[in-house]
Amino acid sequence: MEYLPTKPRIVIDVAESVRASTADERERDATAELAPYRWQELLRAAVRDSRQLLARVGLSSQWLPGAEAGSGEFSVFAPEAYIAKMKFGDPYDPLLLQVLPRQEELEESPGFVRDPVGDAAAKLGPGLLHKYAGRALLVTTGACAIHCRYCFRRHYPYSESPRSAAAWEPALAQIAADSSIREVILSGGDPLTLVDATLAEIVERIAAIPSVVRLRVHTRLPIVIPERVTDELLAWLRGTRLAPIMVVHANHPQELDAHVLQSLGKLVDAGVPVLNQAVLLRGINDSVATLVELCERLINARVLPYYLHQLDRVAGAAHFEVPIERGRELVAQLRSHLPGYAMPQYVVEQAGEGSKSLLM
Ligand SMILES: *Cc1c(COP(=O)(O)O)cnc(C)c1O
Ligand code: SF4
0 MEYLPTKPRI VIDVAESVRA STADERERDA TAELAPYRWQ ELLRAAVRDS RQLLARVGLS
60 SQWLPGAEAG SGEFSVFAPE AYIAKMKFGD PYDPLLLQVL PRQEELEESP GFVRDPVGDA
120 AAKLGPGLLH KYAGRALLVT TGACAIHCRY CFRRHYPYSE SPRSAAAWEP ALAQIAADSS
180 IREVILSGGD PLTLVDATLA EIVERIAAIP SVVRLRVHTR LPIVIPERVT DELLAWLRGT
240 RLAPIMVVHA NHPQELDAHV LQSLGKLVDA GVPVLNQAVL LRGINDSVAT LVELCERLIN
300 ARVLPYYLHQ LDRVAGAAHF EVPIERGREL VAQLRSHLPG YAMPQYVVEQ AGEGSKSLLM
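Each residue of the sequence shown is one higher than the one before, starting from 0 at the first, in numbering that gives the first Met the number 0.
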């Protein structure tokens with residue numbers, strides 16, 4: 000896409016030609032190779048259909064038609080460890096609501112579109128998005144370890160992303176050619192669905208670009224499959240000359256069980272600053288008590304609440320939206336319960352803007 004807004008926007012979509020065009024292919028991407036690691040086995044064993052998911056949480060087939068209708072374009076995908084944290088028999092469990100498709104996903108809502116954050120316009124080349132000054136985002140893979148129904152990338156054309164490390168060369172060359180890029184963000188999909196050997200290789204290539212000084216990893220994997228925090232992962236994070244930052248994604252305190260907290264602790268112990276971003280979601284975390292507990296659990300685990308995102312207005316996710324006015328009320332109340340350092344910034348991403356916009 001040649002169009003570049005006035006403010007530089009770089010998102011590097013490494014995975015584009017790599018990316019698979021259908022959800023099925025996407026899943027295969029993540030699990031195609033031999034799965035010598037425990038986390039890969041867990042990924043491979045993830046629940047991939049509505050019937051199985053409902054059975055697993057003890058819900059009747061009353062919910063099935065809606066779930067099957069809703070899953071048409073974006074399939075069900077939920078690892079066992081995530082399902083195990085759901086309350087059995089509760090159709091409104093806050094974790095289940097994040098992964099169980101619903102009839103509402105087919106409804107059209109005014110203002111809800113396929114590319115709400117302007118990724119197409121920000122694309123510099125396969126695998127590379129440049130949206131924000133100083134930061135380039137590399138889309139390393141289309142695969143995720145969970146399919147979040149509210150995801151703004153649910154319609155993203157992942158099939159265009161590169162597949163091999165060599166295929167990332169053009170994106171890396173573009174980063175090298177722009178010395179204003181100081182930070183590279185590995186995103187996706189979820190970059191941690193790639194094996195550590197591949198990630199270590201990408202990171203080494205990025206570190207070979209003298210103008211880049213920071214490496215950020217955006218991932219939900221430590222939350223959904225805590226086994227993903229392997230010694231190999233910690234080794235490449237520790238070993239690079241780049242300053243590492245990890246941004247994880249938990250929306251509800253129930254996602255943060257002892258196993259997850261232990262994995263987050265390993266990252267922090269390795270010297271990696273860990274931040275959390277959450278999405279404000281109707282019926283899931285739109286209460287003061289829930290947000291306070293989420294932020295407290297995070298901070299007690301030495302993870303800083305970073306962003307609370309207003310939902311991106313992606314087609315199929317309108318039923319998750321909390322009005323901004325309500326969001327502002329919640330955040331104002333949050334402030335009276337939490338220390339200042341535990342307050343997430345309430346933000347929204349607007350296509351074409353040079354940064355996320357503060358809503359408070
Ligand atoms: C959110 C985002 C970033 C990073 O923004 P921060 O405010 O630094 O967290 C970078 N690139 C893209 C495309 C983004 O959406
Ligand atoms: S929110 Fe993150 S983990 Fe969930 S489907 Fe979207 S990209 Fe994947």
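Yeah, the Cβ is synthetic: ideal placement off N, Cα and C, and Gly gets one too.
Give the range of the beta strand (DSSP E) segment to which I244 is assigned. What you label residue 244 is simply residue 245 of the sequence shown in a count that begins at 1. Note, I244: beta strand (DSSP E), A242 to H248.
DSSP-derived helix/strand/coil call for R334: The residue labelled residue 334 in the question sits at position 335 within the sequence shown. Looking at R334 - three-state DSSP - the assignment turns out to be helix.
Can you tell me whether F87 is buried or exposed? The criterion is at least 16 other CB atoms within 10 Å of its CB, across all chains shown. Here residue 87 corresponds to residue number 88 of the sequence shown, with the count starting at 1. When all chains shown are included, F87 counts as exposed.
Whether R47 touches E104 by CB criterion (8 Å): Taking the sequence shown and counting its residues from 1, one reaches residue 47 at position 48. Taking the sequence shown and counting its residues from 1, one reaches residue 104 at position 105. It is not a contact, given that the beta carbons lie outside the stated cut-off.
Would you decide whether E320 is buried or exposed? Buried here means 16 or more other CB atoms lie within 10 Å of its CB. Residue numbering aside, residue 320 sits at position 321 when the sequence shown is read from its first letter. So E320 counts as buried.
Compute the distance between the beta-carbons of R219 and D189, then report whether it is under 8 Å. Position 220 of the sequence shown holds residue 219. Position 190 of the sequence shown holds residue 189. It is a contact, given that the beta carbons lie within the stated cut-off.
C-alpha distance - D92 paired with P64, whole-angstrom precision: Reading the sequence shown from its first residue, position 93 is the one you call residue 92. Reading the sequence shown from its first residue, position 65 is the one you call residue 64. Spanning the two alpha carbons is a distance of roughly 19 Å.
Proximity below 8 Å, CB of A45 to CB of E67: Counted from its first residue, the sequence shown places residue 45 at position 46. Counted from its first residue, the sequence shown places residue 67 at position 68. The answer is no: Cβ separation not under 8 Å.
To which residues of the same chain is S70 closer than 7 Å at the C-beta, ignoring the five residues directly before and after it? Counted from its first residue, the sequence shown places residue 70 at position 71. Only S49 and P100 meet the Cβ criterion.
Drop a sphere of 10 angstroms on the beta-carbon of R227, count the other beta-carbons inside from all chains shown, and report buried for 16 or more, exposed for fewer. In the sequence shown, residue 227 corresponds to position 228, counting from 1. So R227 counts as buried.
Beta-bridge partners of L293, as assigned by DSSP: Here the question's residue 293 lines up with position 294 in the sequence shown. DSSP output for L293 lists no bridge partner at all.
With DSSP as the reference, please indicate the residues paired to Q344 in a beta bridge. Start at 1 with the first residue of the sequence shown, and residue 344 comes out as number 345. Per DSSP, Y306.
How about C294: is its Cβ closer than 7 Å to a heavy atom in ligand 2? Indexing the sequence shown from 1 puts residue 294 at position 295. C294 Cβ: outside cutoff for every heavy atom of ligand 2.
Is the separation between the beta-carbon of I208 and that of A175 shorter than 8 Å? The count along the sequence shown starts at 1 and reaches residue 208 at position 209. The count along the sequence shown starts at 1 and reaches residue 175 at position 176. Yes, Cβ-Cβ distance for I208 and A175 is below 8 Å.
Nonlocal neighbours in the same chain, by C-beta distance under 6 Å from A350, ignoring five residues either side: One-based indexing of the sequence shown puts residue 350 at position 351. Excluding positions up to five away in sequence, the list reads V116 and G117.
Round the Cβ separation of D195 and L232 to the nearest angstrom and send it over; I've been treating them as touching at under 8 Å. Numbered from its first residue, the sequence shown carries residue 195 at position 196. Numbered from its first residue, the sequence shown carries residue 232 at position 233. Rounded, the Cβ-Cβ distance is 5 Å, consistent with contact.
What number of angstroms, rounded off, separates the C-alpha of R113 from the C-alpha of L303? In the sequence shown, the residue the question calls residue 113 occupies position 114. In the sequence shown, the residue the question calls residue 303 occupies position 304. Roughly 31 Å between the two C-alpha positions.
Going by DSSP in three states, Q349 sits in which element: helix, strand or coil? The sequence position of residue 349 within the sequence shown is 350, counting from 1. Reduced to three states, the DSSP call for Q349 is coil.
Quick check: does the Cβ of P251 come within less than 7 Å of any heavy atom belonging to ligand 2? In the sequence shown, residue 251 corresponds to position 252, counting from 1. The sequence shown places His at residue 251, not Pro. Result no, Cβ not under 7 Å from ligand 2.
Distance, Cα to Cα, V211 vs I184? Walking along the sequence shown from the start, residue 211 turns up at place 212. Walking along the sequence shown from the start, residue 184 turns up at place 185. Those two C-alpha atoms are separated by around 11 Å.
By DSSP, does R43 sit in helix, in strand, or in coil? Indexing the sequence shown from 1 puts residue 43 at position 44. In the structure shown, R43 sits in a helix (DSSP, three-state: H, G or I).
Hey, would you say the C-beta of A242 is under 7 Å away from at least one heavy atom of ligand 1? What you label residue 242 is simply residue 243 of the sequence shown in a count that begins at 1. Answer for A242: no, Cβ out of range of ligand 1.
Relative to the alpha-carbon of T197, which residue among Q102, W167, L96 and A135 has its alpha-carbon at the smallest distance? Looking up residue 197 in the sequence shown gives position 198. Closest by alpha carbon: W167.
Please say whether V259 and L236 have beta carbons closer to each other than 8 Å? Counted from its first residue, the sequence shown places residue 236 at position 237. Counted from its first residue, the sequence shown places residue 259 at position 260. Contact: no.
Please list the terminal residues of the continuous alpha helix (DSSP H) segment that includes R50. Residue 50 sits at position 51 when you count from the first residue of the sequence shown. R50 -> alpha helix (DSSP H) spans S49 to R55.
For L99, which of helix, strand or coil comes out of DSSP? In the sequence shown, the residue the question calls residue 99 occupies position 100. Three-state DSSP puts L99 in coil, outside helix and strand.
Since H251 contacts I222 with CB under 8 Å, what's their CB separation in whole angstroms? Within the sequence shown, the letter at position 252 stands for residue 251. Within the sequence shown, the letter at position 223 stands for residue 222. 10 Å between Cβ atoms; not a contact.
Quick check: what's the CA-CA separation for I180 versus L307? Within the sequence shown, the letter at position 181 stands for residue 180. Within the sequence shown, the letter at position 308 stands for residue 307. Roughly 25 Å between the two C-alpha positions.
Beta strand (DSSP E) runs contained entirely in the region 211-290, provided each spans 3 or more residues: 213-217, 242-248 and 273-278
Where do the N-terminal and C-terminal ends of the beta strand (DSSP E) with Y131 fall, by residue? Your numbering for residue 131 matches position 132 in the sequence shown. L127 to Y131 is the span of the beta strand (DSSP E), which, as asked, contains Y131.
Whether L136 touches S74 by CB criterion (8 Å): The residue you call residue 136 lines up with position 137 of the sequence shown. The residue you call residue 74 lines up with position 75 of the sequence shown. Their beta carbons are not under 8 Å apart, which means L136 does not touch S74 by this criterion.
Excluding the 5 residues flanking V278 on each side, which residues of the same chain have their C-beta closer than 7 Å to its C-beta? Taking the first residue of the sequence shown as 1, we reach residue 278 at position 279. Cβ within range, chain order: Y149, N250, H308 and L310.
Go to I184, then tell me how far its alpha helix (DSSP H) extends in each direction, as first and last residue. Residue mapping note: residue 184 aligns to position 185 of the sequence shown, counting from 1. Where I184 is concerned, there is no enclosing alpha helix (DSSP H), although the beta strand (DSSP E) it sits in stretches over E182 to S186.
Can you tell me whether R215 is buried or exposed, with buried defined as 16 or more other CB within 10 angstroms of its CB? Within the sequence shown, residue 215 is the residue found at index 216, counting from 1. Buried is the call here.
What would DSSP say about G124, mapped onto helix, strand or coil? On the sequence shown, position 125 is the one that residue 124 refers to. G124 falls in the strand class under three-state DSSP.
Is R219 near ligand 2, in the sense that its beta carbon is under 7 Å from a heavy atom of that ligand? For the purposes of this step, residue 219 is identified with residue 220 of the sequence shown, where counting begins at 1. Indeed, a heavy atom of ligand 2 lies less than 7 Å from the Cβ.
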